[in-house]
Amino acid sequence: MRRREAPIGDFRPAMRRAAGAVAASLLVLVAGCAGVREPLGCSAEELKSQPVAPGAPDEASCIEFSIDATQEPGTLHAPTVLTAFPFDPANAYRLSVVSTSAPWRDGPAPATPEQGWKGWWWSFVGMPAHYGAVCPRARMYQAVCAPSGAPDHCHAADAKDFHPDEIGDPTCFVNDWAGHYGNNSGCVAVRLCKLRGG
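Quick note: to get this note's numbering, add 202 to the position in the sequence shown (first position is 1).
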């Protein structure tokens, strides 16, 4: 039996090929997301904050605590809030990573607490994606602190000195889209220091 030729201008074969490619891409994405089945966060012991001795001559006082990537701002599982170490715009601060005890990943996306999503593809996607995140001024999946959780005033744990824009208790969390913390993984110990001389 002779096979029926598709008429000129019939886009069905091309559409089927495109649908196959899309389905394959979705399968790869789902497989990647399945890689982090049970998000790992911090233990209750790790979440306790404690004063520590300054580690540099320009540091006046410091506190160490952990940021749990699975805890979403404004929810029942609220992130770390440091009531004993308030931000004040009159002072300069430094927020830096000490160690990571649970893998820092956003679903299939590898990341670091200091720089957020890493790798050329994730960095490229993260450029527009961070505008929809809780802190638009930070990169996707950076560990950040903001005075009283103010989303437009956050500062990343990248060891750069900063003056906060507002007075308020530092609220510290991972910069992700609101409502999308379910596949997050990570626990990072950080040090927040108030610097000498403002």
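The C-beta atom is built at its ideal place from N, Cα and C for all residues, glycine as well. None of the values given here were measured: they were computed from a predicted structure.
Check	Outcome
Going by C-alpha to C-alpha distance, which of A345, F287, S325 sits closest to W306?	A345
Can you tell me which of the three DSSP states P330 falls into?	helix
In the structure shown, what three-state DSSP assignment does P353 receive?	helix
Tell me whether P338 counts as near the ligand MN, meaning its Cβ is closer than 7 Å to at least one heavy atom of that ligand.	The ligand MN is not part of the structure shown, which contains no ligands of any sort.
Less than 8 Å between the C-beta atoms of C189 and G243, yes or no?	In the structure as shown, the chain begins at 203 and stops at 400. Residue 189 is therefore absent and cannot be evaluated.
Report the three-state DSSP secondary structure of S251 (helix, strand or coil).	coil
Need the endpoints of the beta strand (DSSP E) that E261 sits in, please.	261-270
Please state if the CB of Y333 and the CB of N458 are separated by a distance shorter than 8 Å.	Only positions 203 to 400 of the chain appear in the structure, and residue 458 is not among them; the question remains open.
If you draw a straight line from the alpha carbon of E266 to that of G309, how long is it in whole angstroms?	27 Å
Nearest by alpha-carbon distance to L249: which of T272, D260, D290 is it?	T272
Mark I369 as exposed unless 16 or more other C-beta atoms lie within 10 angstroms of its C-beta, in which case mark it buried.	exposed
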